[in-house]
Amino acid sequence: MVVKTATICNASGKPLVERDSTSFPCPKCNAPVGRSAQCRNQGVPYICVSCGFQGP
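Going by this note's numbering, the first residue of the sequence shown is number 4, and it counts up by one from there.
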């Protein structure tokens with residue numbers, strides 16, 4: 004099984020280089036979603052580029 008990971012934050016567009024950045028599958032379509040540490044800490048919403056799902 005191949006797991007795809009995101010390399011940029013879906014909310015800010017910044018590269019995922021911070022220690023607490025993360026990548027996870029979209030709850031709706033399983034496409035990779037990236038979250039920078041800053042956006043996670045501030046609760047900035049993200050939108051999946053594949054299906055449009057919006058998360059906290």
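A virtual CB, placed ideally from N, CA and C, is assigned to each residue, including glycine.
In this structure, does DSSP put residue i in helix, strand or coil?
i, result
"M22", "Checking the displayed sequence, the identity of residue 22 turns out to be Arg instead of Met. The answer is coil: DSSP assigns R22 none of H, G, I, E or B."
"G58", "strand"
Name the DSSP bridge partner or partners of residue i?
i, result
"F27", "V36"
"Q2", "Nothing can be reported for residue 2, as the shown portion of the chain is limited to 4 through 59."
Are the beta-carbon atoms belonging to residue i and residue j less than 8 Å from one another?
i, j, result
"S24", "A40", "yes"
"Y49", "G58", "yes"
"T10", "G37", "yes"
"C32", "C51", "yes"
"P35", "K7", "yes"
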